Amino acid sequence: METRIQGAGPALVLIPGLGCDDRLWLPVGERLAGEFRVVYPSVWGRGSLARVAEELGEVLDRIEAPRAFVAGLSMGGYITFELLRRRADRIAAAALVDTTAFGDTPERRVKRDQVLDLIRRGGFEQVLETFAASVLAPYHREGPLRDLVVEMGRAVGPEAFAADAAAIRDRGSYEDVLERADLPLLFAAGADDPLTPPEVAERMSRLARQGRHAVIPRAGHLSPLENPEATARVLGEFFGRGERP
Numbered sequence: 083m084e085t086r087i088q089g090a091g092p093a094l095v096l097i098p099g100l101g102c103d104d105r106l107w108l109p110v111g112e113r114l115a116g117e118f119r120v121v122y123p124s125v126w127g128r129g130s131l132a133r134v135a136e137e138l139g140e141v142l143d144r145i146e147a148p149r150a151f152v153a154g155l156s157m158g159g160y161i162t163f164e165l166l167r168r169r170a171d172r173i174a175a176a177a178l179v180d181t182t183a184f185g186d187t188p189e190r191r192v193k194r195d196q197v198l199d200l201i202r203r204g205g206f207e208q209v210l211e212t213f214a215a216s217v218l219a220p221y222h223r224e225g226p227l228r229d230l231v232v233e234m235g236r237a238v239g240p241e242a243f244a245a246d247a248a249a250i251r252d253r254g255s256y257e258d259v260l261e262r263a264d265l266p267l268l269f270a271a272g273a274d275d276p277l278t279p280p281e282v283a284e285r286m287s288r289l290a291r292q293g294r295h296a297v298i299p300r301a302g303h304l305s306p307l308e309n310p311e312a313t314a315r316v317l318g319e320f321f322g323r324g325e326r327p
């Protein structure tokens, strides 16, 4: 797995969501690189969330980080849950951002199947347009942020996007992970996240043994892009108060 590393200090792995690359987390990572060794892994296109988690364990071995802080957004949150399920010993603390531990409803699975079918029929550009509108807060759906979301999707490409979308559809629930994980967990959501709103983050925090939750103001489902300053502040405070890996 290719990685990009920035800064020095305890390892902080920033895992992107569906259709996103390093640029999702870069505005946050740049703000935290003075305190952490920020790792941006290229997780897209594997077709298996569990496989990505195993590869991330290999990344930690390669960079000689016995334990690390981890933050994952949306699909990156699911990958973080897979890490917690398989290799919790490698995680000092984790932030689950704009994500959910709860499985898809039947209606949501149908929508994911419709996206996959449209990609197979050559409609990837249409998928990206709809995707950008669905993840950003209403006040960010026009302009440079919308353009960047589409550009990242194009860079990831239709095959990798489809493989990841199928893996997300088939992931199941991570409620068992919430109940077992005995380490600091932060659940953060954009105030205007249309997909995993703040009440989902709060609900997860109540189920976790060491859970807390935070709301990112003026952000939708892509908090690191929509409000990087607030996201960096929330993560910096959370990881800064934890035990150093």
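In this note's numbering, the protein residues as written are 83 to 327. No residue lacks a Cβ here, since even glycine has one placed at the ideal position from N, Cα and C. Model, not experiment: these values are computed from the prediction.
- When DSSP states are grouped into helix, strand and coil, residue 87 belongs to the strand group.
- 299 is the residue among 213, 299, 216 whose C-alpha sits nearest the C-alpha of residue 273.
- Its Cα nearest to that of residue 314, the residue 94 stands out among 87, 85, 132, 94.
- Secondary structure note for residue 175: its beta strand (DSSP E) is the uninterrupted segment 173 to 179.
- When DSSP reads this structure, residue 123 sits in a beta bridge with 85.
- The continuous alpha helix (DSSP H) containing residue 250 extends over residues 240 to 251.
- Residues of the same chain with a CB within less than 7 Å of the CB of residue 130, apart from the 5 flanking positions on each side, are 249 in chain order.
- Just measuring C-alpha positions, the residue of 156, 176, 231, 113 sitting nearest residue 312 is 113.
- DSSP, read as helix, strand or coil, puts residue 303 in coil.
- The segment 231 to 244 and the segment 276 to 293 do not touch, with fewer than 3 CB-CB distances between them shorter than 8 Å.
- Residue 217 and residue 304 do touch by the CB rule: their CB atoms are close to 5 Å apart, below 8 Å.
- Boundaries of the beta strand (DSSP E) harbouring residue 97: 93 to 97, taken from the DSSP string.
- Scanning 134, 240, 180, 204 for the CA closest to the CA of residue 309 turns up 180.
- Excluding the 5 residues flanking it on each side, residue 287 has same chain C-beta neighbours closer than 6 Å at 269, 293, 294, 295, in chain order.
- At the C-beta level, residue 132 and residue 190 stay beyond 9 Å of one another.
- In this structure, the CA atom of residue 104 is about 15 Å from the CA atom of residue 119.
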